[in-house]
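Student: Mind looking over this structure? Questions follow.
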Amino acid sequence: MLPEKRDLRLLAFYEFKLGETAPEPSGNINRAFGDGSASERTVYHWFTSLRQEDESLEDQPRSGRPSLFDDYRLRAVVGENPRKSCEAMAKELGQVGHQVSTNMVLNGRDDMQSGQQHIVELKMENARELHPIVRALMFREHGTIDVTCNGLRVIVDDQNCLQAIAYIKSELFNSFIIREPSVTFRIPIAILTECLSVFGAGMSTALKMTYDGHGEPLKVMLEKDGIVVKCIIRTQNPDVVLDFDFDSSKIPTKVIMKPQKLKEAFHEFDSSSSTVSIKVNRRMLCLFTEGDLGKIKTEFPQHSEQIERLECAEEVEYSYRLCLVKRMTPSLNLSQKVSIRIDHRGILSVQFMIEQSDNNHVFIEFFCVPDADVYGDTEDSIES
1 MLPEKRDLRL LAFYEFKLGE TAPEPSGNIN RAFGDGSASE RTVYHWFTSL
51 RQEDESLEDQ PRSGRPSLFD DYRLRAVVGE NPRKSCEAMA KELGQVGHQV
101 STNMVLNGRD DMQSGQQHIV ELKMENAREL HPIVRALMFR EHGTIDVTCN
151 GLRVIVDDQN CLQAIAYIKS ELFNSFIIRE PSVTFRIPIA ILTECLSVFG
201 AGMSTALKMT YDGHGEPLKV MLEKDGIVVK CIIRTQNPDV VLDFDFDSSK
251 IPTKVIMKPQ KLKEAFHEFD SSSSTVSIKV NRRMLCLFTE GDLGKIKTEF
301 PQHSEQIERL ECAEEVEYSY RLCLVKRMTP SLNLSQKVSI RIDHRGILSV
351 QFMIEQSDNN HVFIEFFCVP DADVYGDTED SIES
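Those letters in the sequence shown? Residues 1 to 384, per the UniProt record's numbering, in order.
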């Protein structure tokens with residue numbers, strides 16, 4: 001008799017308290033009650049809730065990407081005969097060949113045979129959506145990867161004047177396993193971007209990324225139509241991530257808008273201008289540059305179709321280095337919605353919402369300091 005899902009969660013809760021990780025309880029439950037009783041992905045989601053101090057035994061609705069089939073069954077088949085072909089395994093599992101081939105890449109035949117557990121193990125059946133996110137941050141050579149149970153952040157700093165952070169939630173992955181509270185390392189962003197596009201930027205490919213701890217490389221494996229590419233990216237100790245100390249409690253102005261006309265405004269910036277000025281009052285958002293072509297100004301009235309929300313407690317106007325603001329263009333081109341905020345010190349926060357499949361979203365946020373002529377002595381407080 002198969003227990004109720006609530007009972008299985010109780011068993012997983014017990015093993016969580018013992019300090020186990022998701023694969024062990026999943027295997028124990030499947031051995032006791034039959035294959036398919038609780039997949040590794042399901043137990044992982046339960047463990048994520050428990051880490052967030054949600055000890056409810058009731059299932060909560062969630063969005064996510066279901067695996068093609070239960071990884072536990074595939075592991076069992078590989079364990080019985082490691083030399084068995086993908087075609088033979090597909091027949092035994094009742095699946096088509098390319099699904100088994102994809103899952104063999106996502107799981108790794110060697111890992112399934114040895115039972116190796118990586119500190120970080122991320123799997124995605126379609127890496128096509130991840131590539132443009134990473135590419136949008138390619139304005140510096142290196143970036144920092146920060147992984148927690150909630151997802152991963154890709155952080156890129158530009159000489160302490162600009163910082164970009166991509167927030168990629170765990171739900172975007174088919175499997176997202178981390179066996180430490182948090183993991184941080186530094187990698188070359190351009191190399192990761194090239195790896196993700198090895199089959200072409202617009203091609204759908206299966207992806208697996210693993211990391212085994214300090215000094216170990218990031219291993220990236222991609223598969224398409226049975227062709228497997230393995231990439232090993234050297235990692236470095238992470239730099240101290242600059243805290244711009246953006247004060248969300250002291251924001252005199254906030255604008256939420258559509259990106260279409262903002263893209264045009266970015267395109268029309270006068271490249272001979274050293275800065276772009278942002279002015280916000282209760283009536284409008286205004287961007288302008290001043291260079292060899294004179295003063296070029298774009299206004300977005302509060303009542304226009306482009307503005308969804310404009311809040312302004314007091315009029316603000318700050319100038320920012322044009323070369324820094326232009327680094328936001330790739331993220332702007334990907335976005336479906338833009339949030340612009342300026343705190344009381346003039347720190348600019350621009351957040352781009354980028355839609356993904358399955359009603360998921362990725363956010364890329366930029367922090368930028370005002371131009372030195374306007375910023376004055378406050379700059380010291382940020383770098384300290």
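Ideal Cβ placement from N, Cα and C applies to all residues, glycine included.
If I measure Cβ to Cβ from F366 and keep anything under 6 Å in the same chain, skipping five residues before and after, which residues do I get?
Tutor: A164, M328, V350
Student: Looking only at its own chain, which residues have a Cβ that is under 6 Å from the Cβ of V148, when we skip the five neighbours before and after it?
Tutor: Note that residue 148 is Thr in the sequence shown, not Val. Take T148, set aside five residues on each side of it, and the residues of its chain with a beta-carbon closer than 6 Å to its own are S182, in chain order.
Student: Compute every distance between the C-beta of Q356 and the non-hydrogen atoms of the ligand PLP, then say whether any falls below 7 Å.
Tutor: The ligand content of the structure shown is nil, which means the ligand PLP is not present either.
Student: Counting only the same chain and skipping the five closest in sequence on each side, list residues whose C-beta sits under 8 Å from that of Q306.
Tutor: M257, K258, Q260, K261, L262, F300
Student: Please return the same chain residues whose Cβ sits closer than 7 Å to the Cβ of L196, not counting the five positions on each side in sequence.
Tutor: Exclusion of the five residues before and after L196 leaves A127, L130, H131, V134 as the residues of its chain whose Cβ lies within less than 7 Å of its Cβ.
Student: Just how far apart, CA to CA, sit I119 and D146?
Tutor: 13 Å
Student: So if DSSP puts Y320 in a beta bridge, which residue, or which two residues, is it bridged to?
Tutor: V276
Student: Taking Cβ positions, are P217 and I233 nearer each other than 8 Å?
Tutor: Yes, these two residues count as a Cβ contact at 8 Å.
Student: Just confirm the distance between the C-beta atoms of P252 and I342, as a whole number of angstroms; I'd bet it's less than 8 Å.
Tutor: 7 Å
Student: Three-state secondary structure (DSSP) at C286?
Tutor: strand
Student: Determine the direct distance from the alpha carbon of M284 to that of M124, and round the result to whole angstroms.
Tutor: 42 Å
Student: What would DSSP say about D270, mapped onto helix, strand or coil?
Tutor: coil
Student: Within the chosen definition, does the segment 239-254 reach the segment 312-331 through at least 3 CB pairs nearer than 8 Å?
Tutor: yes
Student: Just the Cα atoms here: how many angstroms apart are F352 and V229?
Tutor: 32 Å
Student: Who are the near neighbours of E317 in its chain, counting only those whose CB is closer than 6 Å to its CB and skipping five residues on each side?
Tutor: K279
Student: Measure the Cβ-Cβ separation of I354 and S335 and say whether it is below 8 Å.
Tutor: yes
Student: Residues in the same chain with beta-carbon distance under 7 Å from L152, minus the five sequence neighbours each way, listed in chain order, please.
Tutor: I145, D146, I168
Student: Using DSSP with H/G/I as helix, E/B as strand and the rest coil, what is D7?
Tutor: helix
Student: For R153, list the residues DSSP reports as bridge partners.
Tutor: D146, Y167
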